[in-house]
Structures are given as C-alpha cells and as structure tokens.
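In order, the protein sequences belong to chains A and B. Under the UniProt record's numbering, think of the first position of the first sequence as 1, with each following residue one higher. Under the UniProt record's numbering, think of the first position of the second sequence as 1, with each following residue one higher. Backbone N, C-alpha and C fix where the C-beta goes; we use that ideal spot for every residue, glycine too. Report on the structure given below.
Protein chains: 2
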Amino acid sequence: MAGAEIDRLMQIFARLPGLGPRSARRAVLHLLKRRETALDPFLSALTDVRDRVRSCSVCGNLDTCDPCAVCADPRRDPGLLCVVADVDDLWALERTRAFPGRYHVLGGVLSALDGIGPEDLSVAALVKRAAAQEVAEVILALSATVDGQTTAHYVADRLRDCSVRISGLAHGVPIGGELDYLDDGTLSQALRARRPV
Amino acid sequence: MAGAEIDRLMQIFARLPGLGPRSARRAVLHLLKRRETALDPFLSALTDVRDRVRSCSVCGNLDTCDPCAVCADPRRDPGLLCVVADVDDLWALERTRAFPGRYHVLGGVLSALDGIGPEDLSVAALVKRAAAQEVAEVILALSATVDGQTTAHYVADRLRDCSVRISGLAHGVPIGGELDYLDDGTLSQALRARRPV
C-alpha cells in the first residue's frame, strides 16, 4: 500500500511502548501531513537527543551534561541518596519536587525470570557512593512488587557495612484512593502504620 | 528534571495522536535506553520518510514515487475510481486487498465547523479525472457521518456532467458485530437492504 519506507517507520513506531499498529499509523500519517510543523521539529528534537543526551557517570540519570543537572546542583543535600530502579522512577520523584537529595539509578531490579542478577545492577557503585562520609541516609525507592522488594533487601544487605541510615518509602492509602477499591495488603499496611491526626 | 532536549522531545511525542504525556515519557525513555537498537533505526526511518515520501500528483496518496505505486500499477482497473477523504482511508481499503481500481484522495471532508469548504478539497482534479473516457464508475468511500455524507452529495453533484456511474459503500451489520450493540440507524438500514441468502 504505502511505500516500504512508510511501512518501516510504522513498524518502528508500533514497537514503542504504549503504541500499537493503529496508533503507529495515525502518528506516521500525522507527521507526514505536517512536514514543516510536525515532522521537521520531531526529527530535529530526536537528533538533538541522540547526539547530546548521555548517562550521568555518577548517578545513571539521562542528561545532556555529565554529571547530570541533579548531581551538579550545589543546592542538593549531599547527605541524602535515593536509590531508584530506573530513570523513569527518578523523573517521577523529580516531578513531585519533594526530594532535596541526589539519586542513584540501579538500572533495573533483580529478577530470576528475566535473568537479571546483582552484577547487572550498579550496586557496587552505590556502595562506593554510600561509603562517602557525607552520605547520611539511603532511601530505597523501589517498587512494592516482589522483585522490587527483593532488590531492596539485597541492596540494604550490601549497604550494611556503610554507616548510613537505610529507609524505604511509606506504604498506605494513595491520595485520592477510595478504601473500597484498595487491596487488602495496602489497607492492612495503612492500618498498622496509622498516625495521630 | 531531565535536560531541556529530552523535555522538548517528550512534548513533541505527546502531541502525536493517541499519545499523552505518560506514553510520550515511556516512548522517549525506551528510545534513550536502546540507542543502537531503537533510537538509531527510528531516526533513520524518520529521515528516509522525510526525504523520500511525497504526495502523488495524480491521486494524493503518499509514496516515494510519483505517480504512486497504486497509480503506476498497470494491473489496476482504470475504469474504477474510489474517492476517499484521506490517505488513511486509502490505506485501510488497500489493506482489504478487495479493491482492484485506483483512488482519489479529497484531502478531507466539507465541514462548516472546521471551515473546510469545497475549494479546500481536490474536487476539481477529481472531476477532471472522472471526465476521462476510461473511467466508468466512481465509488464514494466516505465516512457515514454528517460531514462525510454532505461531502458525498456535493461530490456526486459535481460529477453529474461526467458520464460515470456513481456508487457508495454499503451500510449494514459489521462482520463480527452483535445486533444487540448496533445502533438503530445501522440496524434499520441493514433490514431495508436485506439480501436473499
């Protein structure tokens, strides 16, 4: 139907997370119909990112400078280190504007199923950073899944010899969440960890 | 949080049809984490399409050659001309492999709301093509919406002086469709147009 080039682009689009064949087709057509206003800016933004974005050699964040903007920010508390599985978790935490410290991206979580072992995660680099005198607390901001919590336990174990406080995110009722729809585990956790009002 | 380049790319991604801020973030991160296997092929496919895909000067299809592969195919019936609103409709019809003729892309449908009038559509070019001796039938494959049917009536009117048969797509129960869930209009149409089994 359309040329091989268009087909190839649609297939590549369809492999992106969250897109399927139908939305890929719509996206490609949207770009093709708006060359100057959509396709060209898209292409230049993509090229920019390809050429300029690198992994931060300190924390593993993605940025155009190395160390990244978070690591290089002198207003950040050097005593607080937040461990996340992936860059998207780092971005999610940054969007809250609630964390004044720095990050460490593990690059995934331990997973027997996916064959991800300790040597695939940047744990050694974390231990090295946590051993620095200025680090007082390491926050394990890992998902409340089996793999996430296994990883948290493993990382906590590896940090045992560093003289840092180790903490995890609080569990409980999500803001805006209805009790009715909450799973039993979360609800009982929220009950146990109840706080004076 | 991330660099300005990444933010810009995410915003551009989020403007594509079918994507939002969240899926844009996931797509960008997916590409950034897989430079060689995802970002580079994406970029080269996009550049190829930008540089090589043009509108067909005959029918309005998008392809790397002009006339497009459909117009240039000598096995296509020159007597059948299928009028579609947009390139995605042409692609949808081509995927069925059920149409042996050629196409004409109007470039939209008449719409008072969107300010799209007859002069915005390639109707004059269609009339010129339909006036050619070899064209025997023009099929109006336009959406069964108010705007689509208004456009079909307008196009049929403009084709009055050409000696061509004018037809439209059949209405009825979609294949796999349950009668229960069908709207009254479609159902009564399907009843009126009933066929001997």
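- Message: Contact between the stretch 43–51 of chain A and the stretch 60–68 of chain B is defined here as three or more beta-carbon pairs at a separation below 8 Å; is this criterion met?
- Response: no
- Item | CB contact flag (E5 of chain B, T37 of chain A, <7 Å) | no
- Residues of its chain near Q189 of chain A, where Cβ-Cβ distance is below 8 Å and the 5 sequence neighbours each way are ignored: H171 and G172
- Item | Helix, strand or coil at G185 of chain A according to DSSP, with G and I counted as helix | helix
- Query: How about the stretch 76–92 of chain A and the stretch 22–29 of chain B: do they share at least three Cβ pairs that are nearer than 8 Å?
  - Reply: yes
- Query: For V84 of chain B, which beta-bridge partners are listed by DSSP?
  - Reply: B:V105
- Helix, strand or coil for R195 of chain A, going by three-state DSSP, please let me know. coil
- Query: Helix or strand or just coil, what does DSSP make of S111 of chain A?
  - Reply: strand
- Message: So if DSSP puts V138 of chain A in a beta bridge, which residue, or which two residues, is it bridged to?
- Response: A:L81 and A:I166
- Message: For a test of the three-state rule: what should DSSP assign to R50 of chain B, helix, strand or coil?
- Response: helix
- Message: Within 10 Å of its beta-carbon, does R129 of chain B have 16 or more other beta-carbons around it, so buried, or fewer, so exposed?
- Response: buried
- Query: So which of B:D180, B:L179, B:C162 and B:A112 has the shortest CA-CA distance to T151 of chain B?
  - Reply: B:A112
- Item | Reference R77 of chain B; option with closest CA among B:L106, B:V135, B:P118 and B:L121 | According to the sequence as given, residue 77 of chain B is Asp; it is not Arg. Ranking B:L106, B:V135, B:P118 and B:L121 by Cα distance to D77 of chain B puts B:V135 first.
- Residues of chain A with CB under 9 Å from P17 of chain B, in chain order? S23, R26, A27, L29 and H30
- Item | Start and end residues, alpha helix (DSSP H) containing Q133 of chain B | From DSSP, Q133 of chain B is part of no alpha helix (DSSP H); its letter is neither H nor E.
- Message: Can you list, in chain order, the residues of its chain with a C-beta nearer than 6 Å to that of L9 of chain B? Leave out the 5 residues immediately preceding and following it.
- Response: V28
- Message: Let me check one thing: in DSSP terms, what residues is D63 of chain B bridge-paired to?
- Response: B:R54
- Message: Against E5 of chain A, what residues of chain B qualify as contacts under a CB-to-CB distance less than 8 Å, listed in chain order?
- Response: A45, D48, V49, R52, V53 and T64
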